[in-house]
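Enquirer: I have a structure I would like to understand better, so I am pasting it below and will then ask my questions one at a time.
In our numbering, the protein residues as written are 303 to 666.
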């Protein structure tokens, strides 16, 4: 029996490595079926999925929403675990196709509700807006790449191996308290990848409610100097070898390192934070990993670290401003298309999907 659990995530990130995507693994479990939605700007893809999500919530189903990294008010995907069925925006920059057409997924074309003949007549405006839009994203990614490179934790003289080992030891001690004992011949736990925050046109968006919904106990980790990474990796190792499933959340700026780890079966979570923002909830434990660093070395490097932090902050602000300008252009692009869309047809298509849900059959 489901309890109407609602979670919200990102599957894409505007990162220091460009657009980072986790879309390829969405709704890809055994027995899952993924509807890949196609259609142009303003064709109603997000509204289509929102309508399905509302209907599923009203039925008391668990719903997983995927927010758009370009515009977090818009949806890029939705997944209903009990029906093993998902819907996803399969257009750029996260272009998707069904892995095995008909067997594991199929297309859902909302482009059929667009007056293509009329759209052809505005091709000049569409091309001009699109070119400016792409240019702003290129600038945003240049800023993010520089911000990731200058992050204080990247300083080559900041951390020593002994300090990383101390963080691992701290994780092992906490895991001994929290984790069940290992079972003989236990199968390793599975790992799901999701993003719990994003760098967007609205600034850095942290999906706090998802973390607090899934976790009654949350460890907040000091991470000014990068020691949360070895700490979380040790937790991941110990959790997996005990056969527990985990949700891993990479950092949106630097996806090679972790921002959060969630163990749903234990209602236990971990969040790395630089300490300059309030996570918005009271932590179960506050792990002061920064205290493991050599205070004399940190004192000597502090002027450089502070300067790097200011540069990083300015670059992030510049990136967000470019993303905000790009969002304005995307709105202008949608405004060109909106009069050409048969939204009654889009709503009818959504109602057809909802009727299948009410009949208890999310898959074909």
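Yeah, the Cβ is synthetic: ideal placement off N, Cα and C, and Gly gets one too.
1) Let me confirm a value: residue 660 is counted as buried when at least 16 other C-beta atoms fall within 10 Å, else exposed. Which label applies?
2) Assign residue 305 to one of three DSSP states: helix, strand, or coil.
3) Per DSSP, residue 409 is paired with what?
4) Starting from the C-beta of residue 321, find all residues in its chain whose C-beta is less than 7 Å away, skip the five residues before and the five after it, and write them out in chain order.
5) In the DSSP assignment, find the unbroken alpha helix (DSSP H) run with residue 348 in it and report its ends.
6) In the DSSP assignment, find the alpha helix (DSSP H) that holds residue 513 and state where it starts and stops.
7) What is the rounded straight-line gap between the Cα of residue 520 and the Cα of residue 508?
8) How is residue 424 classed by DSSP in three states: helix, strand or coil?
9) Based on Cα-Cα distance, which residue from 653, 529, 612 and 569 lies nearest to residue 593?
10) What residues are listed by DSSP as bridge partners for residue 564?
11) What did DSSP end up calling residue 640 once you bin it into helix, strand or coil?
12) Say whether the region 641-654 touches the region 523-538, bearing in mind that this needs 3 or more beta-carbon pairs closer than 8 Å, one atom from each stretch.
13) So residue 390 and residue 339 are supposed to be a Cβ contact under 8 Å. How far apart are they, rounded?
14) By the three-class DSSP mapping on this structure, what secondary structure does residue 595 have?
15) Quick check: the region 624-639 against the region 487-504, are there 3 or more CB pairs under 8 Å?
16) Spatial neighbours of residue 411 within its chain, please: C-beta separation below 6 Å, excluding the five flanking residues on both sides.
17) Taking the C-alpha atoms as reference points, what is the distance between residue 614 and residue 608?
18) Of the residues 575, 586, 492 and 655, which one's Cα is nearest the Cα of residue 455?
19) If contacts are defined as beta-carbon pairs under 8 Å, then residue 510 and residue 581 qualify, I think. What distance do you get, rounded to the angstrom?
20) Got a sec? Which residues, its chain only, sit under 6 Å from residue 494 by beta carbon, not counting five neighbours each side?
21) Determine the closest residue to residue 569 out of 531, 415, 596 and 481, with distance taken between C-alpha atoms.
22) Skipping 5 residues on each side, what residues in its chain have a beta carbon closer than 8 Å to that of residue 427?
23) Along the chain, where does the beta strand (DSSP E) that runs through residue 368 open and close?
24) State yes or no: is the C-beta of residue 617 within less than 9 Å of the C-beta of residue 421?
25) What did DSSP end up calling residue 504 once you bin it into helix, strand or coil?
26) Among residues of its own chain, excluding the 5 on either side of residue 566, which ones have a beta-carbon nearer than 6 Å to its beta-carbon?
27) Write down the C-beta distance between residue 563 and residue 552 rounded to the nearest angstrom, noting that I regard them as a contact closer than 8 Å.
28) Helix, strand or coil for residue 464? Go by DSSP, reduced to three states.
29) Near residue 243, which residues of its chain fall below 7 Å by C-beta distance, leaving aside the five closest residues on each side in sequence?
30) Rounded to whole angstroms, how far is the Cβ of residue 635 from the Cβ of residue 431, which I believe are closer than 8 Å?
31) Just to confirm my understanding: we take residue 441, look at its own chain, exclude 5 residues before and 5 after, and list those with CB closer than 7 Å. What are they?
32) For residue 483, which residues from the same chain have a beta carbon less than 7 Å from its beta carbon, with the 5 sequence-adjacent residues on both sides left out?
33) Going by the DSSP bridge assignment, what does residue 525 pair with across the sheet?
34) Roughly how many angstroms separate the alpha carbons of residue 630 and residue 539, rounded to a whole number?
35) Based on Cα-Cα distance, which residue from 496, 443, 435 and 531 lies nearest to residue 468?
36) Check the Cβ-Cβ distances between residue 383 and every residue of chain B, and say whether any is below 9 Å.
Expert: Based on what the coordinates show:
1) exposed
2) coil
3) 338
4) 314 and 395
5) 347-360
6) 510-516
7) 15 Å
8) coil
9) 529
10) 549 and 571
11) helix
12) no
13) 7 Å
14) coil
15) yes
16) 340
17) 10 Å
18) 575
19) 7 Å
20) 549
21) 481
22) 638
23) 365-369
24) no
25) coil
26) 516
27) Wrong, their Cβ atoms sit about 11 Å apart, outside the cutoff.
28) helix
29) This structure cannot settle anything about residue 243, because the visible part of the chain is limited to 303 through 666.
30) 5 Å
31) 624
32) none
33) According to DSSP, residue 525 bridges with nothing at all.
34) 43 Å
35) 531
36) Here chain B cannot be found, since the structure has a single protein chain.
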